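Taking numbering that gives the first Met the number 0, the leading residue of the sequence shown gets 0, the next gets one more, and so forth. Beta carbons are placed, not taken as given, at the ideal position from N, Cα and C, and that holds for glycine. Note that this is a predicted model, so its numbers are computed, not measured.
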Amino acid sequence: MKVLKFGGTSVASAPIIRKVEKIVTSAARQEKVILVTSAISKCTDTLIKIGTEAGEGNSSYKAQVYSLRCIHHRIIEELLEGSACTEAIKECDATFDELERFADGICAAGAITPGEADAIQTFGELFSTRIIARKLAADGYRVLWIDSRELIRTEDGKVRFDLTDPAIRSTLEAHPDVDIFVAPGFIASDLQGRRVHLGRGGSDYSAAIYAAASRARIVEIWTDVPGIMTSDPKVIPAATTIPYLSYRAARDMAEFGAKVLYPPTVIPAQRAGIPICILNTYDPEAQGSFILDNPPHRASGLLGLTALKGEALANVAPDVEKPALKAAEGDVVLVLVGTGEEDGAEVEARMVRALARAGIKAKGTASTGYNVFAVVSAEDKRDAMLAIHRRFFESKPIRTINCFLAGYGAVAQAFIEMIATSGDTIAERTGKRIRIVGVSSSRKYILNTDGIRPEDIATVLPYGHPAEGGAFFDAIGTLSLKDAVLLDCTNSESIGARYEEFFRRGLNVVSCNRRAFAVPYARYAAMKSTAHDYGLALKYDTTVGTALPILESISGSAYSGDEITAIEAVVSCTLNNIITSYDGANTEPLGTLLKQAQDIGLTEKDPRADLGGRDALRKLLILAREAGVPLEESDVEITPMLGPEFFDCPIEEFYRLLAEYEPKFIAREAELDDLGMRQRFVASIQKDPSARLGYKAEIKMQLVGMDSPFFWISGTENIVIIRSAFSAPLVIRGAGEGARMAASGVLNNILSL
Ligand code: ADP
Ligand code: ASP
Ligand code: MG
């Protein structure tokens with residue numbers, strides 16, 4: 000035995016009823032069939048209106064009855080011919096006459112009772128099922144119309160299965176020669192024999208009741224969509240069919256708003272262990288949704304998204320797990336129905352993020368063992384559903400960027416940590432996943448083209464291959480990976496010398512290795528043009544001012560035709576840190592400050608590289624070249640803050656000299672404080688027609704007053720002023736150091752590939 004149920008849209012016209020007949024009769028060739036149908040689409044709504052208008056004494060109900068009668072006549076005339084047609088019209092009219100008398104009675108009484116309001120709705124299924132039964136009979140099938148009002152009995156709105164099941168069974172058994180039983184859905188009678196119904200959408204329930212009583216093999220619910228979908232396709236066009244659901248999940252979807260299934264339907268089916276299949280009348284071959292006991296495992300523990308009015312949450316069946324959520328009137332509760340495998344708190348957070356990205360504030364969230372809930376305002380419902388559905392059910396293709404990481408210092412480690420903790424969020428937000436496929440320290444390297452878990456790198460790297468003599472880069476050269484980037488977090492000029500080779504091998508290069516760029520201009524230009532020729536990227540924004548948008552601002556103005564007239568930069572973190580700590584009050588001796596800076600990795604290995612202005616020089620070369628000025632080292636006039644004797648000696652001697660120099664430095668700072676001035680170590684290029692390139696380049700200590708933005712920086716802050724012909728000076732100021740900053744800077748560069 001098999002039960003097939005067709006909804007209102009599946010019986011709304013003669014052509015669609017012919018489709019139904021095809022589906023039903025082909026099933027009946029295999030086994031006995033119970034066909035349950037709804038009233039034709041909108042019929043129940045019209046009947047409710049007829050009752051209301053009659054109760055109000057509004058005679059327009061007569062016109063409604065008339066047009067409903069005509070719609071049914073038309074279907075009959077299109078389906079049947081000759082005497083079959085005449086008989087069917089006669090039968091249909093008899094029921095319509097009864098409806099009209101019923102409505103007249105209500106009108107005469109001047110009010111409709113609750114019992115009458117229920118009873119008037121039960122006519123629709125009588126009309127539709129009788130027509131279909133006659134059509135099947137006319138086509139020669141062995142059919143019997145059975146009256147659900149005599150079989151399905153209710154008490155206080157609940158089905159009395161103890162009476163219903165035997166009644167159905169004995170009726171079926173009494174007619175062994177019938178192949179297709181046709182039964183009206185939705186309708187029943189109570190213990191007093193009064194006409195009642197099972198609730199709006201209740202024909203699905205009728206089907207399950209017939210199935211359980213007849214111990215059917217399966218219940219098929221045929222409707223106008225291809226199954227239970229990830230969301231209502233009328234709201235979410237991208238919704239897809241959920242192939243398998245457990246009884247519980249199907250019940251949850253239904254209870255929380257998926258109208259495609261009337262929630263109680265699941266109960267008798269589950270009790271009798273009968274699977275439910277939801278199918279599309281308009282596409283009978285499609286697989287549909289199966290509801291069964293142990294559905295096959297799915298990749299994700301989330302099945303679908305539903306919505307219901309805040310106030311309706313209270314009416315969800317008491318045995319369905321629901322959260323204690325506050326929803327004001329006019330709020331909507333969005334529900335992600337799951338299998339219980341997902342971490343509810345995490346899904347809540349993802350839901351809130353997805354909503355926030357759509358500019359919608361979640362008014363509250365909660366989760367139970369299986370489902371996750373979010374409250375939003377009614378006016379946000381549609382956008383909120385679209386955003387959540389997109390996030391959870393419309394997997395966009397995620398592009399993988401393969402990353403070879405050279406150098407395993409503080410920046411590289413911060414970068415790895417970021418990928419470990421935020422890789423998923425980044426992929427979600429940008430559609431790009433960074434896969435680390437190789438890491439090299441100065442001593443060891445590891446490679447795996449399938450990816451290396453960032454969490455494992457620290458443990459695995461010491462056991463890698465020897466990295467001496469550029470072995471890591473030689474090994475990369477033998478691989479051919481699409482969408483790959485070499486991330487240079489080293490401090491080595493010799494790796495910079497290999498960039499062009501990397502481009503020829505198809506690698507993009509992202510670098511925070513300043514030394515790679517402080518090379519003769521010809522080499523610098525060659526690197527850039529090779530990258531360009533191969534259609535690859537060379538990004539090095541972090542080499543000046545770490546994550547500050549300095550280089551992009553300069554190249555932006557350089558290319559927009561607004562000539563840059565000067566760049567003034569205070570970009571040496573070490574010096575800034577030391578010098579600004581003397582602003583107003585002197586804290587520690589110079590030597591101590593410098594050693595501290597060295598200890599926290601702020602300075603070059605020999606801190607004098609910073610004091611001598613070499614670091615500032617590299618940055619100035621990059622800044623100038625970015626502005627289109629092919630500056631060479633020899634163009635820059637450097638005045639170190641200390642004399643040559645500090646540099647031409649061993650480091651211990653240097654620290655001794657520094658201690659000696661300390662009182663002079665303090666005296667100078669005190670003097671400046673009195674004058675309201677400060678000294679800053681400034682690297683600059685300035686338009687000057689007499690200079691070789693038309694720009695004068697200098698690195699030296701400068702005195703600045705309060706009117707200069709340089710006066711106000713503190714700690715390791717960096718600051719750059721870009722002056723141009725047409726715009727007001729652009730001042731970029733902000734944190735200029737830190738491994739995390741640098742890591743997020745290179746990460747941004749990689750994500751921009
Ligand atoms: P029938 O008349 O066949 O019983 P219903 O109108 O009761 O059909 O139910 C089908 C409708 O349910 C679909 O047209 C669709 O708009 C709506 N619906 C709501 N949520 C879902 C969902 N998650 N999956 C499929 N359909 C849904
Ligand atoms: N005809 C009824 C209704 O419109 C029952 C059903 O369609 O399932 O609610
Ligand atoms: Mg329905």
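Next on the checklist: Given the structure, does Ser37 come close to the ligand ASP, in the sense that its CB is under 7 Å from one of the ligand's heavy atoms?
Outcome noted: Yes, the beta carbon of Ser37 sits closer than 7 Å to at least one heavy atom of the ligand ASP.
Checklist entry - If you draw a straight line from the alpha carbon of Asp282 to that of Pro225, how long is it in whole angstroms? => result The straight-line gap from Cα to Cα measures roughly 7 Å.
Item to check | For Asn747, three-class secondary structure by DSSP | outcome: Of the three classes helix, strand and coil, the one that applies to Asn747 here is helix, per DSSP.
Checklist entry - Apart from the five residues on each side of it in sequence, which residues of its chain come closer than 6 Å, Cβ to Cβ, to Tyr60? => result Here Tyr60 has Ile49, Glu52, Ala53 and Ala102 as same chain residues with Cβ atoms under 6 Å from its own Cβ, once five neighbours each way along the sequence are excluded.
Item to check | Identified DSSP bridge partners for Arg432 | outcome: Beta-bridge analysis with DSSP links Arg432 to Thr399.
Checklist entry - With which residues is Ile33 paired in a DSSP beta bridge? => result In the DSSP output, where bridge partners are listed per residue, Ile33 has Val2 and Phe180.
Checklist entry - What does DSSP give as the partner residues of Thr222 in its beta bridges? => result Its beta-bridge partners are Asn279.
Next on the checklist: Suppose the cutoff is 8 Å on Cβ atoms and the five residues either side in sequence are ignored; what does the same chain contact list for Gln63 look like?
Outcome noted: Here the set comprises Thr45, Lys48, Ile49 and Glu52.
Item to check | Exposure label - Leu589; buried when at least 16 CB within 10 Å | outcome: With 16 or more Cβ atoms within 10 Å of its Cβ, Leu589 is classed as buried.
Next on the checklist: Extract the residue ranges of the beta strand (DSSP E) inside the segment 265 to 315, only unbroken runs of 3 or more that lie entirely within it.
Outcome noted: The DSSP assignment places complete beta strand (DSSP E) segments of no fewer than 3 residues inside the segment 265 to 315 at 275 to 279, 288 to 291 and 301 to 308, in order along the chain.
Next on the checklist: Just verifying my parser: in three-state terms, what is the DSSP assignment at Ser169?
Outcome noted: The three-state secondary structure of Ser169, taken from DSSP, is helix.
Item to check | For Phe372, the first and last residue of its enclosing beta strand (DSSP E) | outcome: Counting along the chain, the beta strand (DSSP E) containing Phe372 begins and ends at Asn370 to Ser376.
Next on the checklist: Taking 7 Å as the cut-off, is the C-beta of Asp379 nearer than that to any heavy atom in the ligand MG?
Outcome noted: Relative to the non-hydrogen atoms of the ligand MG, the Cβ of Asp379 never comes closer than 7 Å to any of them.
Checklist entry - Which residue comes first and which comes last in the beta strand (DSSP E) that contains Thr153? => result Note, Thr153: beta strand (DSSP E), Arg152 to Glu154.
Next on the checklist: The alpha helix (DSSP H) that contains Gln597, what's its start and end?
Outcome noted: Per DSSP, Gln597 is one residue of the alpha helix (DSSP H) stretching across Leu589 to Asp598.
Checklist entry - Three-state secondary structure (DSSP) at Met228? => result Residue state, collapsed to three classes: strand.
Item to check | Endpoints, the beta strand (DSSP E) within which Ala682 is located | outcome: Per DSSP, the continuous beta strand (DSSP E) segment holding Ala682 begins and ends at Arg677 to Lys686.
Next on the checklist: When you measure from the CB of Pro232 to every non-hydrogen atom of the ligand ADP, does any distance come out below 7 Å?
Outcome noted: Checking the Cβ of Pro232 against the ligand ADP gives yes.
Checklist entry - According to DSSP, is Met700 helix, strand or coil? => result DSSP places Met700 in strand when its eight states are reduced to three.
Checklist entry - Using a threshold of 7 Å, is the CB atom of Ala249 nearer than that to any non-hydrogen atom of the ligand ADP? => result No heavy atom of the ligand ADP is found nearer than 7 Å to the CB of Ala249.
Item to check | Residue interval of the alpha helix (DSSP H) (run including Glu500) | outcome: Where Glu500 is concerned, the enclosing alpha helix (DSSP H) stretches over Tyr498 to Arg503.
Next on the checklist: Among the candidates Arg504, Ile241, Tyr539 and Lys18, whose CA atom is the shortest distance from the CA of Asp532?
Outcome noted: With distances taken between Cα atoms, Asp532 lies closest to Arg504.
Checklist entry - When burial is assigned at 16 or more other CB atoms within 10 Å of the CB, is Pro274 buried or exposed? => result Classification for Pro274: buried.
Checklist entry - So the beta strand (DSSP E) Ser366 belongs to, where does it begin and stop? => result Note, Ser366: beta strand (DSSP E), Gly363 to Ser366.
Item to check | Distance cut-off 7 Å: Thr94 Cβ against heavy atoms of the ligand ASP | outcome: Every heavy atom of the ligand ASP is 7 Å or more from the Cβ of Thr94, so no.
Item to check | At least 3 beta-carbon pairs within less than 8 Å: the segment 509 to 519 vs the segment 483 to 496 | outcome: The segment 509 to 519, when compared against the segment 483 to 496, does touch it at the 8 Å Cβ threshold.
Next on the checklist: I need the straight-line Cα distance from Leu278 to Gln286, nearest angstrom please.
Outcome noted: Taking C-alpha positions only, Leu278 is separated from Gln286 by approximately 7 Å.
Checklist entry - Near Glu625, what residues of its chain come up, given a Cβ to Cβ distance below 6 Å and the 5 sequence neighbours on each side ignored? => result Contacts found: Leu550, Ile553 and Ser554.
Next on the checklist: Can you list, in chain order, the residues of its chain with a C-beta nearer than 7 Å to that of Phe122? Leave out the 5 residues immediately preceding and following it.
Outcome noted: The answer, listed in chain order, is Leu46, Thr94 and Leu98.
Checklist entry - Assuming Glu124 and Ala26 make a contact with CB atoms under 8 Å, what is their CB distance in whole Å? => result Not a contact, Cβ separation roughly 20 Å.
Next on the checklist: Our contact map puts Thr579 next to Ile712 with C-beta atoms below 8 Å; I'd like the distance itself, whole angstroms only.
Outcome noted: Rounded to whole angstroms, the Cβ separation of Thr579 and Ile712 is 6 Å, and the two are in contact under 8 Å.
Next on the checklist: So the candidates are Ser723, Gly109 and His196; which of them puts its Cα closest to the Cα of Ala118?
Outcome noted: Nearest in C-alpha terms to Ala118, of all of Ser723, Gly109 and His196, is His196.
Item to check | Ser479 versus Lys395: straight-line alpha-carbon distance, rounded | outcome: Here the C-alpha atom of Ser479 lies approximately 26 Å from the C-alpha atom of Lys395.
Checklist entry - For Thr489, which of helix, strand or coil comes out of DSSP? => result Thr489 falls in the coil class under three-state DSSP.
Checklist entry - Does the pairing of the segment 365 to 374 with the segment 316 to 332 give three or more beta-carbon distances under 8 Å? => result Three or more Cβ pairs drawn from the segment 365 to 374 and the segment 316 to 332 lie within less than 8 Å of each other, which places the two stretches in contact.
Checklist entry - Comparing the CB of Ser127 with every heavy atom of the ligand ADP, is any distance shorter than 7 Å? => result Placement of the Cβ of Ser127 at a distance of 7 Å or more from every heavy atom of the ligand ADP is found.
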